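J.: Sharing a structure with you now.
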Amino acid sequence: MPRTVTQNPEKPNNDDFLSALERWEGCKPPYTSSHMRICVTAAKTILKHQGQSRRSKYEKESYLRIDFSKAGKVTFYAEFPKKMGLKGRKLGEWPELAVQLAREKAVEMAGEGLRAESVHLALESYRVDLEAKVQRQKLSDHSYRTYCARIKQIDLAFGEREVFGDVTYGRIIDVLDTWIATKSNNHALELFAELRRFWKYAAPQLCNGRNVAASIADDYVSSRVQRPAPTRLFTDIESIAKLWLNVAGCTSIHQKNAMRFMILTGVRPINVSNLQWDYVRDDIKEIVYPAGIIGMRGAMKTQKEFRIPITTGIERILQEQKEWRDSVPGCNQQFVFLQPRNPELPFAKRSLDKLIKTYSPENAVKGIKHDGTVKGREGAFNTMCRKFFKSNVIAQMRAKGFSRSDTREISLLCLHHSDKSADPMAEHYDFSDEILQEEMALKKTAFEAHEASILTQVILLRKKG
């Protein structure tokens with residue numbers, strides 16, 4: 373006699389099954405609590421006979437699915453057609469959640485539901501929105517490329533199948549902790565800021581306005597990493613004069629003159645590379661970087677007009693560039709400084725960083741370096757010329773008898789910095805300079821004094837041999 377024991381459950385007979393199936397089919401939407409009790413009993417018999425674990429009923433008009441298990445458990449789900457692009461959600465269980473309330477919740481979600489797009493798809497939408505801002509001249513190409521680099525890092529932090537609406541507070545914390553552990557301090561801070569901007573953009577469209585990134589403490593990253601401190605490094609006039617002499621050995625006139633233009637004007641590297649001949653007045657008296665207007669970005673960081681008086685040294689640089697332009701056919705006729713290897717393109721601002729590191733004298737960078745130092749950590753840096761310009765203008769104007777407050781105001785004018793504390797409404801109401809032209813007169817005095825001090829030091833170094 374065999375001693376094996378079968379584990380096949382005892383199935384109900386066909387009469388019980390057919391009776392349960394009839395009761396099940398007899399319940400039609402919209403469902404009530406009475407229907408729920410009938411279906412629970414019927415589902416147990418049907419599922420036992422069929423050997424299945426669950427069975428569902430639907431209210432398609434209400435986007436409701438009711439799941440019955442063989443144990444008698446009833447669960448409500450909101451389910452939507454694929455064309456709606458919405459993600460389904462568990463609503464609750466009966467009898468704790470009444471069927472009428474479940475129906476209302478499903479309908480509400482259909483109107484304001486969470487979208488089923490992945491984080492990657494949402495990031496692509498965010499990138500397209502930034503690209504549109506570039507087309508509308510509301511964002512520069514350089515800023516757009518910077519944002520895209522950060523978007524790529526956010527993209528790598530999330531899986532391809534992670535749904536944007538399902539991302540929780542804890543999941544974002546995990547991402548931030550990974551960045552804190554693997555990225556540089558400043559990079560982690562930048563990525564956190566970009567993550568919040570991205571979530572602010574996407575949450576209203578894909579998450580019914582639920583912005584989980586906004587609930588993270590503002591100092592979550594900054595309290596765990598050392599925030600980069602403004603560099604306290606600087607240079608002196610002797611180092612600037614040596615740099616002036618050293619760039620004479622550049623292989624290209626564009627390299628030499630671009631560096632000297634940055635030394636004499638103190639402008640940012642981008643304003644060396646984006647200088648156009650249209651900005652130079654026909655009488656060669658001043659350079660005017662245009663302001664931003666609707667449909668066109670301005671040349672300066674502040675998007676405001678900036679006028680630079682043309683001194684003798686600046687005029688000599690422009691004249692050399694003009695003679696070169698007129699003697700070389702096929703070169704770019706729009707920009708003043710061009711790439712040495714490809715004169716059809718404007719001068720690359722990154723080249724200035726390499727040039728200043730190459731031609732700056734030894735020990736040109738003064739001051740104390742610390743762990744948080746970013747600029748100057750690897751030697752000379754572009755902003756060094758801008759910092760020296762401000763310091764030297766103040767020193768030269770003080771030597772001419774101007775007061776400390778006057779020299780500070782003149783240095784602000786020369787660097788195109790704003791003094792918001794002085795008069796915040798001056799931009800809209802004060803047009804005295806347009807009438808008196810005092811600002812340009814002061815700037816011309818400052819630029820000429822700055823230039824004269826550098827060239828005097830250059831002469832002294834030449835005499836020393």
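Residue numbers (the numbering used here): 373 to 837.
By construction, the Cβ of each residue, glycine as well, lies at the ideal position given by its N, Cα and C atoms.
Computed from a prediction, not measured in an experiment: that's the story for all the values here.
Let's test the definition: count the other Cβ atoms within 10 Å of the Cβ of Lys628 and tell me whether it reaches 16, buried, or not, exposed.
T.: Counted from its first residue, the sequence shown places residue 628 at position 256. Under this definition Lys628 is a buried residue.
J.: State buried or exposed for Gly638, treating a residue as buried only when at least 16 other CB atoms are found within 10 Å of its CB.
T.: Against the sequence shown, residue 638 aligns to sequence position 266. With 16 or more Cβ atoms within 10 Å of its Cβ, Gly638 is classed as buried.
J.: So within the region 706-732, which uninterrupted alpha helix (DSSP H) runs reach at least 4 residues, ignoring any that extend past its ends?
T.: Qualifying alpha helix (DSSP H) stretches, in chain order: 721-731.
J.: Spell out the partners DSSP gives Gln648 in its beta bridges.
T.: Translated into the one-based positions of the sequence shown, residue 648 becomes position 276. In the DSSP output, where bridge partners are listed per residue, Gln648 has Phe707.
J.: Using the three-state DSSP reduction, which class does Pro576 fall into: helix, strand or coil?
T.: Working through the sequence shown from its first residue, we reach residue 576 at position 204. Note: Pro576 maps to helix in three-state DSSP.
J.: Between which two residues does the alpha helix (DSSP H) carrying Ala813 extend?
T.: Taking the sequence shown and counting its residues from 1, the one referred to as residue 813 is at position 441. It spans 810-836 - the alpha helix (DSSP H) in which Ala813 sits, taken as one unbroken run.
J.: In terms of alpha-carbon separation, which member of Ile588, Glu532, Val708, Arg596 lies closest to His559?
T.: Locating residue 559 in the sequence shown gives position 187, where the first residue counts as 1. Cα-wise, what sits closest to His559 is Arg596.
J.: Ignore the nearest five residues each way along the sequence and tell me which others in Leu717's own chain have a CB closer than 6 Å to its CB.
T.: Walking along the sequence shown from the start, residue 717 turns up at place 345. Gln711.
J.: Can you tell which of Met631, Arg640, Pro641 has the C-alpha that lies nearest to the C-alpha of Ile686?
T.: Residue numbering aside, residue 686 sits at position 314 when the sequence shown is read from its first letter. It is Met631.
J.: What separation, rounded to the nearest whole angstrom, lies between the Cα atoms of Phe355 and Arg426?
T.: Absent from the model: residue 355. The displayed extent of the chain is 373 to 837, so no value can be given.
J.: Closer than 8 Å is the cut-off here; do at least three beta carbon pairs connect the region 554-571 with the region 718-725?
T.: The answer is no - the region 718-725 does not touch the region 554-571, with fewer than three Cβ pairs under 8 Å.
J.: Between Ala767, Pro681, Val500, Leu436, which has its C-alpha nearest Glu476's C-alpha?
T.: For the purposes of this step, residue 476 is identified with residue 104 of the sequence shown, where counting begins at 1. Checking every option, the nearest Cα to that of Glu476 belongs to Leu436.
J.: Is the separation between the beta-carbon of Ser434 and that of Val479 shorter than 7 Å?
T.: The residue labelled residue 434 in the question sits at position 62 within the sequence shown. The residue labelled residue 479 in the question sits at position 107 within the sequence shown. The answer is yes: Cβ separation under 7 Å.
J.: Of all the options Trp616, Ser777, Ala736, Glu658, which has the alpha carbon lying nearest to the alpha carbon of Ile826?
T.: Mapped onto the sequence shown, residue 826 falls at position 454. Of the candidates Trp616, Ser777, Ala736, Glu658, the one whose C-alpha sits nearest the C-alpha of Ile826 is Trp616.
J.: Please report how far the alpha carbon of Leu511 lies from the alpha carbon of His788, in whole angstroms.
T.: Here residue 511 refers to the residue found at position 139 of the sequence shown. Here residue 788 refers to the residue found at position 416 of the sequence shown. So the alpha carbons of these two residues sit roughly 20 Å apart.
J.: Bridge partners for Arg437 per DSSP, in chain order?
T.: Within the sequence shown, the letter at position 65 stands for residue 437. For Arg437, which the question treats as bridged, DSSP gives the partners Tyr430, Tyr449.
J.: From the DSSP secondary-structure annotation, give me the bridge partner or partners of Val696.
T.: In the sequence shown, counting from the first residue as 1, residue 696 sits at position 324. According to the sequence provided, residue 696 is Trp. The question's Val does not apply to it. Paired residue(s): none; Trp696 is not in a bridge.
J.: Taking just the CA atoms, how far does Met672 sit from Thr730?
T.: Reading the sequence shown from its first residue, position 358 is the one you call residue 730. Reading the sequence shown from its first residue, position 300 is the one you call residue 672. Cα to Cα, Thr730 sits roughly 27 Å from Met672.
J.: Would you check if the distance between the CB atom of Glu692 and the CB atom of Arg679 is smaller than 7 Å?
T.: Here residue 692 refers to the residue found at position 320 of the sequence shown. Here residue 679 refers to the residue found at position 307 of the sequence shown. Not a contact, by the Cβ cut-off of 7 Å.
J.: Considering Cα atoms alone, identify which of Ala821, Leu548, Leu393 is closest to Ile609.
T.: Reading the sequence shown from its first residue, position 237 is the one you call residue 609. Looking at the Cα atoms, Ala821 is the closest of the given residues.
J.: Name the one or two DSSP bridge partners that Pro681 has.
T.: In the sequence shown, counting from the first residue as 1, residue 681 sits at position 309. BP columns for Pro681 point to Glu658.
J.: Pair every Cβ in the region 758-776 with every Cβ in the region 647-663, then say whether three or more of these pairs are closer than 8 Å.
T.: Too few Cβ pairs lie closer than 8 Å, so no.
J.: To the nearest angstrom, report how far apart Val446 and Phe564 are at their CA atoms.
T.: On the sequence shown, position 74 is the one that residue 446 refers to. On the sequence shown, position 192 is the one that residue 564 refers to. So the alpha carbons of these two residues sit roughly 42 Å apart.
J.: Taking Ile588 as the reference, give the member of His626, Arg395, Ile544 with the closest Cα.
T.: Locating residue 588 in the sequence shown gives position 216, where the first residue counts as 1. Comparing Cα positions, the closest option is Ile544.
J.: Within this structure, are the beta carbons of Leu605 and Val765 separated by less than 7 Å?
T.: As a working mapping, residue 605 is identified with position 233 in the sequence shown. As a working mapping, residue 765 is identified with position 393 in the sequence shown. Contact flag unset, no.
J.: What does DSSP give as the partner residue(s) for Phe606 in the beta ladder?
T.: Residue mapping note: residue 606 aligns to position 234 of the sequence shown, counting from 1. The partner list for Phe606 (beta bridge, DSSP) reads Lys738.
J.: Can you find at least 3 beta carbon pairs, one from the region 574-584 and one from the region 521-540, that sit closer than 8 Å?
T.: Cβ pair count under 8 Å is three or more, so yes.
J.: What span of residues does the beta strand (DSSP E) with Arg499 cover, start to end?
T.: Position 127 of the sequence shown, counted from the start, is the residue given in the question as residue 499. Not the beta strand (DSSP E): Arg499 falls in the alpha helix (DSSP H), residues 491-507.
J.: For the putative contact between Gly452 and Cys411, defined by C-beta atoms under 8 Å, what is the C-beta separation to the nearest angstrom?
T.: Sequence index remark: in the sequence shown, residue 452 carries index 80 (1-based). Sequence index remark: in the sequence shown, residue 411 carries index 39 (1-based). Here the sequence assigns Phe to residue 452, which means Gly is not the residue at that position. Going by Cβ atoms, the distance from Phe452 to Cys411 rounds to 23 Å, so no, they are not a contact pair.
J.: According to DSSP, simplified to helix, strand and coil, what is Glu465?
T.: Residue numbering aside, residue 465 sits at position 93 when the sequence shown is read from its first letter. If DSSP states are grouped into helix, strand and coil, Glu465 belongs with the strands.
J.: Identify, in the order they occur along the chain, each residue of the same chain with its Cβ nearer than 7 Å to the Cβ of Arg517, setting aside the five sequence neighbours on each side.
T.: Start at 1 with the first residue of the sequence shown, and residue 517 comes out as number 145. Within the same chain, Arg517 has no close Cβ partners at all.
J.: Using 10 angstroms around the beta-carbon of Glu431, count the other beta-carbons present and answer buried if the total reaches 16, otherwise exposed.
T.: As a working mapping, residue 431 is identified with position 59 in the sequence shown. With 16 or more other Cβ atoms within 10 Å, it is buried.
J.: For Val539, which of helix, strand or coil comes out of DSSP?
T.: On the sequence shown, residue 539 is found 167 positions in, with the first residue counted as 1. It is coil, neither helix nor strand.
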